[in-house]
Each structure stands twice: as C-alpha cells, then as structure tokens.
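Protein chains in written order, with my numbering: chain A, 1 to 258; chain B, 1001 to 1434; chain C, 2001 to 2166.
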C-alpha cells in the first residue's frame, strides 16, 4: 500500500519535472488574465481610499488565554487550511516551567490536542501566535516574484496566483508563521482575516475567543481598544531584536517566549 | 519531547534534497569554470588537457542545476515569474537573470573555442551530423587568421568575464542563505565566501575525477603534470575553505550569543556524523593530507595519481555533505531556539531516487556533449580523415600564437607543436614545451 | 586561406556578428514577452498584482460576523437565556461552529455542534497552564465519568438545571 503511494508520488514527481522543463516557458502565459475587481468590497472606492487612515493592529492578552484553541480551529475552518495537516495560520503554545527553571514548551496539533501534563510550581501559561504583520516584513523582502506584499493598511497578503512555491518566505519568517499550503502548493499565512475585516467583521479567531484574549483594531484610531492598550499598558512584541517591528502586541509576555 | 519544541509550521522541512543539490551543482559549475579560467586567463598551461573538458563539464552541470530547483517549486509552471516580475529586494529574484547571464557566457565561450572544430566537422561529417554541425556554425564559417584572432580575443574576454560571473553565481547562492536573519545557522556574512570556496574545491575535485574516469574509459594515459597541477590547486583552496568553515563556527561559539546553544546542539547532537565525520574529516582533513602525500616525489607515479583521485572523490562527497549540513541542518534548528525538527529522507518525491538521478544526469549530458564536441586534447580527434578540410592549411607557417592555438589541434604530424597562451594581461606567449 | 573568407568580412557574417545578432533578438523577444505577460494590475499599488488585494478581500466568509444578536433574531429564547449567563460574552459560533451559511440560508444549512464532553473540555478540562482563577476546571473522568456534560448542564445557562451556582 505504502509502496503503491510512493510509486505514484514518484511518477507524479517525474511527470512534474518533465512538464516543468517543457512548460515553464509557457507558464507565464497562465497569468494572462482579465482584471476582475471585487466590487463587493470596493463599493466604488479605490484601495488607496479604503486604506487611508488605517493601520491594523492586534493585541494578545496572554494572561487571559486558557489554551482552548478554539481560535486554531476557527482559523482553519474560516481560511480553508486542512484540519488534519500540521500547518497553522495561528496556534497556541503552552509554557510550563518546572521549579528548577526548566521550561517545557508544547503545541500539540497547534494547541488542539493539549494533554493534561504535570502541574508544577513554576509559571504556566499559554501564548497564542499568529502573523505579526511586521512593519518590516522579511517575507515580503525575500519573495522573488512579488507574490507577497504589504497592503496600505499594513497587512501582509499572499497572491496565490503568482506565488511560485519556492518557500523562501517561510525560511525568512522569524516567527514560523508561514507554511506551504498542502493543497494549493503556495505559501500561506494569517491575514488577520483580511476578507472579514474588509467587510467590517472581526477576524475569526477574535470572534470565537471565549475569554477575549485576542483584540483587533485600527492603530490610527485613537479610540480603538488596541490603540488604548498599546498606549497605556505594558506590552511587548516577539523577537524585537529581529528589527521586524511586529504589529501584534502581547500583554504579559514572559521573557522565555520566543 | 526528544527534540524540544519547534513551531508547528516547522515540523515539515521546507527545503529538502533538491535544494541541497542546487548549491552543490552550481558549485561544481563555478569550480569547473575557474579551472578552465586558470588555463585560459591565468596561463596555467599544465591544465591544458582539461581546459575544454572543464568547460563542457560546467555546461553539463549548469543545465541540470535549475531542473532540481524548478522541480522543487510548489508551482513549477510559474517558474518564469522570476524573470517577468523579479522583486528587487529579494535575494533570490536575481537568480533567473544571473543564471541566464552565466549560461550565455559559458555557451558562448564553448562555441568560440570549438568554432574551428565545428566548422571542420561540418565539412567532414556526412548526413544528419553534417546538418547539425552546419547549424551549429550559425553560418559563420570564416576561419581566417583575422577571424581566429578575433575569436581568441572574445574567448579571453569571456573567460575573464566568466570568473566574476561564476563567483557571483555561486557567492550569490551563499547570500540567499547567509542573508536569512531568522536562521541561526545560516545568518553570517561569511556564507557567500564559504560557498564560493567550497564551490571551487568541488569543481576541481570534479575535474580530477571526471578526467581520470575519461582517461580510464578511453584507455588513455593520464597527463601527470595536469593531475598534479589540479592536486596543487585543490590543496590550496581546501585550506581556505576549511579555515573559513571552521572560522564561522568558532566565531559563533566565541560570541556565544542567544542562538549558540541551539547551533552547538545541532552540530554536536543532531548532525555530528555528517558535519564532523563527513564534511570536515572525510571531506577536508583526510584529502588535505592525502593530497600532500600524493605530492611526495619519492612515491611512484601510480600511487600519487590514485591518491589525488581518491582525494577528489572524498572532496566531492564532503562538499555534498556540507551542502546538506547547511541547507537541511539550518532548518533543523527551530527558530524558537528550543528544539530541533527531524529530517526524514524521502525515497521518491524529492527524495533519494530523483536526487541520484539529478547527480547522474549531468554525467550523461557530459557524455553526449563530449561526443558532439570532443574535449580531448591528446590528439585523438586529429586523425587525418577528420581534418581533411584543413589539410591545405598545414603547410603554412605558424607565424602567430593565435593561429597556433587552433592549428595545434590539427597538426599531429608536425614534429613540433606550439601552445599559445596568454598571461593575465592578455600578453601573448609561446610555449614549445610539448 | 583566403578562400575561407567567402562572402567578405561584413560584421553580421562574422562569428561575433552572428552572436550579437542572436543575443539582440533574444533580448528584444524577452522584453516583448515580458510586456505581454506581466499582469495589467501589477505595480498598481506597489510591486505586486493589485487585483490580488480584491481577490483576497472577497474570499467567502464562514464565521458570521454580526454577533449574537444576529442569532437572536430567530433564536430569541436561547439568546436571552445566554446573554445573562456565564457564557453570555461568547460568540454562539465558538461552540456551534461556523454559521455564515446558516445566516444566509437558515432553512438549508444548519451548523453542526459536537455535543460531547470534549467540546466543553476544550476550555474546562484541567490541564497544565490553565488555572482556576481564569476558568472553572474539572478532571473530566472524575467529574462525570465520561457522561456528556449536557446531561446536567445547559450550556446556555450552566447552572439553571442545577439550581444555581453553589
């Protein structure tokens, strides 16, 4: 059985190689397509008009998170990421410190399969992770074909019709937020549910979080909850030394979290 | 949790064996080209027997290298997007252009060097082959003294231009890795230089092995001066390559920054065998001493040749291991610095079988190329029936080195041969050593 | 020797001339092809395909975004019971799953809920990292011996059936 599959894989690969050699020059033609603009979202406006005065931000409150991973499941269902594959647009990590300073980190199936594990005297907490929509995104910097880009409102998107699947962006992301979509064979990542937020909805993970550990809003709006938190609370970002300037801010982030 | 924690998206290793192959293959190309330049530009006349072989070997490997890359893509049919819309900030976007540029240089250099031969074949061969060679001449059949002189200028120019291009093509691959700040094992400004030196080392090693194998297959005597010359260059470049590769690790360890414990764990616990065992010991230290012993004049010639050839083979394996340790090794270190991913060698899809295929394919292409454009400099192709078209010219005096370069290959009956070569500044010299 | 110089020495017939000609043709063809192939909206807002933004933004939504009051328009009783109880601040879809299709066509598509202990356990299971200060936790086997939670608790008003919280 296994052998059968392998042989098919092999033939598929061989076929792919041959086809690639012959068809690569023609491949460019595949992108010849008509301009189809989604009027549902634009409503007669242009994107620069929509983007004006907007800079999206995200706040994760690690002190509230209970590690239920409803966000992980909702994200996969919302964004067409296969539930049974080990790839995640968002995931929840668990940090369990033993008394002696030893830290155990795990995120089984992205946090969907946490086992009880031993309770210890040390710190114990959950940290949800997602794309940080960096101000200086290394993934955008390295994409060889301009298939991933930062929108005017600061969200990094993937053009899945131009992505060649080289996976350089996956290597470049310091946060492990990117993956190759197992079915589409292009790079995929969290978009803070751009398809929802542009229609006035909250990201799916924010919607389903039972404890309000995830907050989303406009950093350029002085009254938004995220702006208030960023202004008034003690927050941190992940790996600040990378110079990526993330726009996902964490409340109560412990120093062991990387 | 044997290997600690890795981000969930790191469980799959994204760059597998094909991406290991790519820098390995371009490294062989760059190295082989440097060998041909040692002869064509730097005037190392001992390398004459491999001066053409090195070029067509470079071409044979060069055409296979992107196949490994394209078949790794998630969307192979979109490969040319790299040419249509290259992103100027991407370290990878220049690939299409740099590769194409280099391919053109190699093809042109080969074409100009082989031009008189191609014209000769187009006149002496019959049938299908004749048509083929006729097409290859591109209708430029002028082999007058002036034309050949121009050819030689072009060849020298291409050979000189080819050195920085080869260095750039491969140093650039190193930059693709070295510029990834997210990866503790890759991010070092030394990476392009390390890649370049290991490339030169592997290219020389490849030529030693290919040349020896070709001599064995063709039942010809190995040119001892040539193989000893390659021995010398391999030995020198091996020292630089070793120093740099070690320097990188020592530097990481001495700085002892946040990422060092993860890197130390990688080389001491995750890949110690392929790193210390194959890459450093078997691929560098052993060949270093073996090459040195092979230079001892007391030893019989046979032993010295075998020592050099074995060193070449070891270096080839060692550099492949080095590419693996960099490409895959770097991905094994979790970006969380808290654990290691595991690499499983697949068999078929991007696995061992197609990888071996990609390693054998260049040799097959080389065999075909060597059949179409014989690179042998030992006069076999200069049998009378093949050079009939050139008979009338034999009587003429070899007044210029330019002509001698070309003519020398058609004058097997001449009692004295001339080898024309230039020094670095393009000054003509004549060498009547042979 | 002179016989080889047939056709004169015009540049275009020389080796270098041929090569130059081919290279020029290749470069021109490439430039032309590039113009043809690059998508029209590429570079509209930056170095990417502008249409891609609209494509991403117009992907279908699975989780309805209107909040619980949308559900309350039809499911009035449950909505009222829930809003005053412990789970009142949660979105219905946290437990019931994505319901955008149900909102669009209520009679054709219904969200499916897994009414088992595992669903409740996602939040209430006693695991390392989760404290009683954050949420009420139980060890499922000891608490109910595997019996479905809904046997005793109504998820919309967890303590109603049991006469209020002790």
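All C-beta atoms, glycine included, are put in the ideal place defined by N, C-alpha and C.
Residue i versus residue j: straight-line alpha-carbon distance, rounded
i                       : j                       : result
residue 107 of chain A  : residue 70 of chain A   : 14 Å
residue 2026 of chain C : residue 1060 of chain B : 22 Å
residue 2106 of chain C : residue 77 of chain A   : 19 Å
residue 2129 of chain C : residue 211 of chain A  : 15 Å
residue 225 of chain A  : residue 247 of chain A  : 14 Å
residue 1406 of chain B : residue 1115 of chain B : Note that residue 1406 of chain B scores 46 on pLDDT, short of 50, meaning its location in the model is unreliable and no value can be drawn from it.
residue 1351 of chain B : residue 1328 of chain B : 13 Å
residue 1043 of chain B : residue 1196 of chain B : 22 Å
residue 235 of chain A  : residue 2163 of chain C : 42 Å
residue 1164 of chain B : residue 1326 of chain B : 24 Å
residue 1104 of chain B : residue 1138 of chain B : 16 Å
residue 2012 of chain C : residue 1146 of chain B : 15 Å
residue 2079 of chain C : residue 155 of chain A  : 35 Å
residue 1245 of chain B : residue 1029 of chain B : 20 Å
residue 1223 of chain B : residue 1251 of chain B : 42 Å
residue 259 of chain A  : residue 1073 of chain B : Look at the range of chain A in this structure, 1 to 258, and you will see that residue 259 of chain A is not part of it.
residue 111 of chain A  : residue 94 of chain A   : 8 Å
residue 1051 of chain B : residue 1320 of chain B : 24 Å
residue 2036 of chain C : residue 1294 of chain B : 59 Å
residue 2102 of chain C : residue 2119 of chain C : 21 Å
residue 1376 of chain B : residue 1370 of chain B : 8 Å
Exposed unless 16 or more other CB atoms sit within 10 angstroms - verdict on residue i
i                       : result
residue 1385 of chain B : Note on residue 1385 of chain B: pLDDT 36, under 50, position unreliable in the model; no value is reported.
residue 2147 of chain C : exposed
residue 2028 of chain C : exposed
residue 2022 of chain C : exposed
residue 166 of chain A  : buried
residue 1122 of chain B : buried
residue 1364 of chain B : exposed
residue 1046 of chain B : buried
residue 2124 of chain C : buried
residue 1014 of chain B : buried
Whole-number beta carbon distance between residue j and residue i, since they are thought to touch under 8 Å
i                       : j                       : result
residue 185 of chain A  : residue 1075 of chain B : 6 Å
residue 134 of chain A  : residue 244 of chain A  : 4 Å
residue 1265 of chain B : residue 1290 of chain B : That pair is no contact at about 32 Å.
residue 151 of chain A  : residue 2053 of chain C : 6 Å
residue 2156 of chain C : residue 2081 of chain C : 5 Å
residue 205 of chain A  : residue 90 of chain A   : 6 Å
residue 144 of chain A  : residue 1090 of chain B : 4 Å
residue 2144 of chain C : residue 2117 of chain C : 7 Å
residue 1057 of chain B : residue 1207 of chain B : 7 Å
residue 85 of chain A   : residue 182 of chain A  : 5 Å
residue 124 of chain A  : residue 103 of chain A  : That pair is no contact at about 10 Å.
Distance CB(residue i)-CB(residue j) smaller than 9 Å
i                       : j                       : result
residue 213 of chain A  : residue 65 of chain A   : yes
residue 1253 of chain B : residue 1054 of chain B : no
residue 1227 of chain B : residue 1303 of chain B : no
residue 1263 of chain B : residue 1243 of chain B : no
residue 1315 of chain B : residue 1296 of chain B : no
residue 138 of chain A  : residue 1180 of chain B : yes
residue 176 of chain A  : residue 1336 of chain B : yes
residue 1040 of chain B : residue 1155 of chain B : yes
residue 53 of chain A   : residue 218 of chain A  : yes
residue 1161 of chain B : residue 1026 of chain B : no
residue 189 of chain A  : residue 131 of chain A  : yes
residue 1079 of chain B : residue 1086 of chain B : no
residue 2092 of chain C : residue 2071 of chain C : yes
residue 195 of chain A  : residue 2060 of chain C : yes
residue 193 of chain A  : residue 180 of chain A  : no
residue 1205 of chain B : residue 1037 of chain B : no
residue 92 of chain A   : residue 1012 of chain B : no
Residue(s) in a DSSP beta bridge with residue i
i                       : result
residue 129 of chain A  : A/91
residue 157 of chain A  : A/149
residue 58 of chain A   : A/216, A/248
residue 2125 of chain C : C/2138
residue 96 of chain A   : A/104, A/124
residue 187 of chain A  : A/180
residue 1339 of chain B : B/1004
residue 2025 of chain C : Residue 2025 of chain C pairs with nothing; no bridge assigned.
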